[in-house]
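S.K.: The structure that follows is given in the form of structure tokens.
2 protein chains.
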Amino acid sequence: MHTTQKSEPLPTEATAVIVGAGYAGLSAALALHDAGIDVVVLEGSERVGGRVHTEVVTQLDGLVIDHGGQWVGPTQTRLLALAERFGCPTFPTYNHGTHLELWSDGVCRPFRGAGPVDGAGVAAYEAATEAIDALAASVDLTQPWATPGLGAWDSQTVQTYLDHTVTDPDARTRLGLAVQGVWTVEPRDISLFHFLFYVASAGGFEQLMETEGCAQERRFSAGAQSVASAIAAHLGDRVHLGAPVQHIEVLDDGRVRVDTGRGQLHATRVVVATTPAAALRIHHTPELPQARNRWLERSPMGDVAKIHTVYETPFWRDSGLSGEATVYGDHSVGVVFDNSPSDGRLGVLVSFVYAERQHRWSQLPEPERRQDVLRTLGLLFGEQAQSPLYYTEKNWPEDPWARGGYAANPAPGVWLEHGRAGWRTACGPLHWAGTETSSVWNGYIDGAIASGQRAAAEIQAALR
Amino acid sequence: MHTTQKSEPLPTEATAVIVGAGYAGLSAALALHDAGIDVVVLEGSERVGGRVHTEVVTQLDGLVIDHGGQWVGPTQTRLLALAERFGCPTFPTYNHGTHLELWSDGVCRPFRGAGPVDGAGVAAYEAATEAIDALAASVDLTQPWATPGLGAWDSQTVQTYLDHTVTDPDARTRLGLAVQGVWTVEPRDISLFHFLFYVASAGGFEQLMETEGCAQERRFSAGAQSVASAIAAHLGDRVHLGAPVQHIEVLDDGRVRVDTGRGQLHATRVVVATTPAAALRIHHTPELPQARNRWLERSPMGDVAKIHTVYETPFWRDSGLSGEATVYGDHSVGVVFDNSPSDGRLGVLVSFVYAERQHRWSQLPEPERRQDVLRTLGLLFGEQAQSPLYYTEKNWPEDPWARGGYAANPAPGVWLEHGRAGWRTACGPLHWAGTETSSVWNGYIDGAIASGQRAAAEIQAALR
């Protein structure tokens, strides 16, 4: 999907070297390139996009499948602006009809879409999300360490918070799945403060959860990687694939030497725009400051797999179903969405497997993984759902570059102890990007773009 | 302190390759060597001992200083047995006279040693440690994931537990320093379950905290590295320094290729016996299983610095002081011990700086770091303490091999989610050692030895 060849030799010099060709790195490179600054992007894998990965399935007449980040919402203005600049059309996520819920009693219940919101624990759930929004409203997004409640909130897990504030067990179950769905971890794995920060960075809990007017509103006609690929094509031979950065050395003269698997470059400034898990596997001379190391070491990636099943038609729509479902109880699948192409010429469901469910599911051999997913889809959408034309899965913890997804989640204590110095403060000529370093839409494509643009602005200011 | 030269070429083959020449790696190698198995130890740094690091100060007539682990207690039978085998004498930690406490009001108070235990919050502290011991008694040390209370305990931080069970603020302050002192982190940074597991693995809270009959009972005349150095000398040219392992590949035939900075070896079995932080920076082909990766990624190292100050005499003894002190409030130093040589020919104090205190202190320039420590020692032991003959510090997070100390502390959720598969289960021909993988004296030298001996037993069983 873009033109740069692996075999092209690396240049030996650049004003700015960007490590990683995900949305953060490409956005940093684009902003610097727009400003007339000589930039080189080094990507370890053989494609751009990072945690956004579009596959075009030729045997299905060019069906576009998004294995990673895929949606865009109306307040994700940076991503929308790039999509417009590079002519990448979007279309509304299919959102008509009845959503389903599958509970541990094995019964499928309709939920929303076809009428008023109801169901066990819904009122208590709504009250809890309002309470969460009220707490999140006081988070300082640009200086999170200055948030008044930081000390108490960063000393506990989200599970502790839920245990002490939500008495309705069904509401707790709903909130548990919401945490899995948005953070891809269990509520015990994540600092309450980071959870509140993340909610605030998106503009509220509803933004994270909903479709219309929210984060899941629209999809990209050519897949969510299309914007990244267009940026890379625009940058042309400045983007080098198959060039994993192994070692970054800040030299005595203040310049930086970057060693890759196929040659080295010298640069004035470097942006590391990988996931935290990949960043901490790059060797540094001198060692990074302790605060930055600890930030990276204590922000593990979440665990998610996306499974696409393709059918001749979106047959569930004929029964008045939206294709959206939430699954509680002893299933691997947590959430399902209609991911069909805009013209509906094929039916596509995407199933998400998160957190502990992913840990169990990923241990199974492939035929059992498939059967496990299809069993749940059958309970939701009937027998037809069990016989897809095509089945494909992407298990993000196995991805050697991302090492997990969607994002990294700081454990309790990390923001409090290392937020100020370790989150995104440049270390001399080394700058940091990646959605984890964003004050807006942290964990999302839009946050990645914001982080790249911020890092580029830091470099422009430094070079002035 | 031992004979192997860096310049010696590496062998190309060994039955077992051990990565890391700390106590875990050396104990594994010794057990295999004793059993007649061909073993090679690869150590990245230029010395053996790992987190146990003895310096002999020539300008102070050969004074022995332990920058890392230093004590041995009566139930640490593996370390005592090796010390006896290799003829490394020990002597009792100086423990006469009055201990001191320095509180945030700036007043020094005597504490224990010279009379009954008293002081603000002591009764509530004792009650809390009894409650902790009662919980710890139910921990399953060999299969921690089978512990009945695991779910609730691994979903919360120690801070949450203290907030909900200890009402006396002075007792909470005491417990906070105890957590700093033993785990080198803040109570918010650590899973309650891991905390209980660690207590259980030592045989109870008192074992961790006390001197006589407990973990701090004795010291090594030639320093705590002396046993490691003796093992290395016994293994002779099987131990290679300056050979950092960068890549471990399990080949199609089941054998393992180990790449170091200076050549590669083939082995039947490999033991990785580094800290978790160092282990996750070794590249693996194929990638490690997710559970092991997540275990490593979510078990960050603690933060500790040890500062030694040397005086002409242990002058505090003349005033009836033991040299032991605990420091609350706005000081970097948390705990002080008399670390003089057994003959008392010089006076030595060792000051510990932990967790958040370490984060602040390590940001200071060296003269201010020194002044900060000496100011506290002056308040405790008088003006004389402010003018040492010699000052030396070891800041463990800066150590490029250990990357922190004393040990790694799993965050909430890690034991529950990845304990069974990720803690120490061998991955094919790859075995795991290091004190973090021990069921006894986890975090201590004795635990490191136990872990190495277990890994060696696994290999012997596999080769049989």
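Respectively, the protein sequence lines represent chains A and B.
Position 143, counted from 1, in the first sequence is what the UniProt record's numbering calls 143; the numbers after and before it change by one each time, with no gaps.
Position 458, counted from 1, in the second sequence is what the UniProt record's numbering calls 458; the numbers after and before it change by one each time, with no gaps.
Every residue, glycine too, gets a C-beta built ideally from N, C-alpha and C.
Computed from a prediction, not measured in an experiment: that's the story for all the values here.
Is the Cβ of residue 359 of chain B closer than 8 angstroms to any Cβ of chain A?
M.R.: Taking Cβ atoms only, chain A reaches closer than 8 angstroms to residue 359 of chain B, which makes this a yes.
S.K.: Along the segment 134-166 of chain A, where does the CB come closer than 7 angstroms to a CB of chain B? Name the residues.
M.R.: Those residues of the segment 134-166 of chain A that come within reach of chain B (Cβ to Cβ, closer than 7 angstroms) are 154, 155, 156, 157, 159 and 160.
S.K.: What span of residues does the alpha helix (DSSP H) with residue 415 of chain A cover, start to end?
M.R.: Counting along the chain, the alpha helix (DSSP H) containing residue 415 of chain A begins and ends at 414-422.
S.K.: Considering only the beta carbon of each residue, do residue 24 of chain B and residue 448 of chain B sit closer than 8 angstroms?
M.R.: Result yes, Cβ atoms of residue 24 of chain B and residue 448 of chain B sit closer than 8 angstroms.
S.K.: Near residue 1 of chain A, what residues of its chain come up, given a Cβ to Cβ distance below 6 angstroms and the 5 sequence neighbours on each side ignored?
M.R.: Annotation note: pLDDT 44 at residue 1 of chain A (below 50); position unreliable, coordinate value reported separately. 229, listed in sequence order.
S.K.: So with Cβ pairs under 8 angstroms, would you call residue 468 of chain A a contact of chain B?
M.R.: What is shown of chain A runs 1 to 464, which leaves residue 468 of chain A out entirely.
S.K.: Identify each residue in the segment 253-270 of chain A for which the Cβ-Cβ distance to at least one residue of chain B is less than 7 angstroms, and report them in chain order.
M.R.: Residues: none.
S.K.: Are the beta-carbon atoms belonging to residue 104 of chain B and residue 334 of chain B less than 8 angstroms from one another?
M.R.: Their beta carbons are not under 8 angstroms apart, which means residue 104 of chain B does not touch residue 334 of chain B by this criterion.
S.K.: Taking any Cβ of chain A, which residues in the segment 175-191 of chain B have a Cβ under 7 angstroms from it, in chain order?
M.R.: So the list reads 186, 188 and 189, given in the order they occur along the chain.
S.K.: By Cβ distance below 7 angstroms, which residues in the same chain neighbour residue 184 of chain B in space, the five residues on each side in sequence not counted?
M.R.: Around residue 184 of chain B: 302, 303, 304, 354, 355, 405 and 406.
S.K.: Helix or strand or just coil, what does DSSP make of residue 115 of chain B?
M.R.: Caution applies to residue 115 of chain B, whose pLDDT of 49 falls short of 50 and renders its modelled position unreliable; the value that the coordinates give is listed next. Three-state DSSP puts residue 115 of chain B in coil, outside helix and strand.
S.K.: Residue 297 of chain B versus chain E: which residues are under 7 angstroms apart at the beta carbon?
M.R.: No chain E is part of this structure, whose protein chains are labelled A and B.
S.K.: By the criterion of Cβ-Cβ separation under 9 angstroms, what are the contact partners of residue 368 of chain B in chain A?
M.R.: Here the premise fails: no neighbours, minimum Cβ distance about 17 angstroms.
S.K.: Measure how close the beta-carbons of residue 459 of chain B and residue 269 of chain B come, nearest whole angstrom, since I'm counting them as under 8 angstroms.
M.R.: The Cβ separation is near 5 angstroms, so the contact holds.
S.K.: Within the continuous beta strand (DSSP E) that includes residue 430 of chain B, where are the two ends?
M.R.: That run of the beta strand (DSSP E) goes 430-432.
S.K.: Please name the residue, chosen from B:165, B:234, B:342 and B:332, that lies closest to residue 31 of chain B on a Cα-to-Cα basis.
M.R.: The option with the nearest alpha carbon to residue 31 of chain B is B:234.
S.K.: Starting from residue 321 of chain A, trace the beta strand (DSSP E) both ways and give me its first and last residue.
M.R.: Start and end: 321-327.
S.K.: Does residue 115 of chain B have its Cβ less than 8 angstroms from a Cβ in chain A?
M.R.: Any reading at residue 115 of chain B needs caution, since the residue's pLDDT is 49, under 50, leaving its predicted position unreliable; the model's value is listed next. By this cut-off, residue 115 of chain B is not an interface position.
S.K.: In terms of DSSP beta bridges, what is residue 311 of chain B paired with?
M.R.: Answer is B:347, bridged to residue 311 of chain B.
S.K.: To the nearest whole angstrom, what separates the beta carbons of residue 250 of chain B and residue 286 of chain B, a pair I think is in contact under 8 angstroms?
M.R.: Between residue 286 of chain B and residue 250 of chain B the Cβ distance is about 7 angstroms, and since that is below 8 angstroms, they are a contact.
S.K.: Using only alpha-carbon positions, find the residue among B:438, B:73 and B:50 that is nearest to residue 212 of chain B.
M.R.: Here the closest residue by C-alpha is B:73.
S.K.: Just to confirm, are residue 141 of chain A and residue 215 of chain A a CB contact at a threshold of 8 angstroms?
M.R.: Going by C-beta atoms, residue 141 of chain A is not nearer than 8 angstroms to residue 215 of chain A.
S.K.: What does the alpha-carbon distance come out to for the pair residue 240 of chain A and residue 8 of chain A?
M.R.: Whole-angstrom Cα-Cα distance: 8 angstroms.
S.K.: Quick one: which chain A residues come within Cβ less than 8 angstroms of residue 412 of chain B?
M.R.: Ordered by position in chain A, the residues that pass the 8 angstroms Cβ test against residue 412 of chain B are 157, 159, 188, 189, 411 and 412.
S.K.: Can you list, in chain order, the residues of its chain whose CB lies under 8 angstroms from that of residue 11 of chain A, leaving out five sequence neighbours each side?
M.R.: Taken in chain order, the residues that qualify are 40 and 265.
S.K.: Using the Cβ count rule (16 or more neighbours within 10 Å means buried), how would you classify residue 58 of chain A?
M.R.: Per the 10 Å Cβ criterion, exposed.
S.K.: Alpha carbon to alpha carbon, how far is residue 267 of chain A from residue 253 of chain A? Give it in angstroms, no decimals.
M.R.: Residue 253 of chain A and residue 267 of chain A: Cα-Cα distance of roughly 11 angstroms.
S.K.: Reducing DSSP to helix, strand and coil, say where residue 330 of chain A ends up.
M.R.: Residue state, collapsed to three classes: coil.
S.K.: Could you give the DSSP three-state label for residue 293 of chain B: helix, strand or coil?
M.R.: DSSP places residue 293 of chain B in helix when its eight states are reduced to three.
S.K.: If contacts are defined as beta-carbon pairs under 8 angstroms, then residue 336 of chain B and residue 323 of chain B qualify, I think. What distance do you get, rounded to the angstrom?
M.R.: With 8 angstroms as the limit, residue 336 of chain B and residue 323 of chain B qualify as a contact, their Cβ atoms being about 7 angstroms apart.
S.K.: Would a check of beta-carbon distances place residue 332 of chain A closer than 8 angstroms to chain B?
M.R.: Not an interface residue.
S.K.: Can you tell which of B:352, B:134, B:28 and B:124 has its C-alpha closest to the C-alpha of residue 396 of chain B?
M.R.: Of the candidates B:352, B:134, B:28 and B:124, the one whose C-alpha sits nearest the C-alpha of residue 396 of chain B is B:352.
S.K.: Determine the direct distance from the alpha carbon of residue 106 of chain A to that of residue 210 of chain A, and round the result to whole angstroms.
M.R.: Distance between the alpha carbons of residue 210 of chain A and residue 106 of chain A: 25 angstroms.
S.K.: Taking 8 angstroms as the cut-off, decide whether the C-beta atoms of residue 300 of chain A and residue 421 of chain A are in contact.
M.R.: Contact flag unset, no.
S.K.: Could you name each continuous beta strand (DSSP E) segment of 3 residues or more that falls completely within the segment 252-304 of chain B, going from the start of the chain to the end?
M.R.: Correct list: 256-260, 263-272 and 283-285.
S.K.: When the Cα of residue 50 of chain B is compared with those of B:402, B:205 and B:42, which residue comes out closest?
M.R.: Per the Cα distances, B:402.
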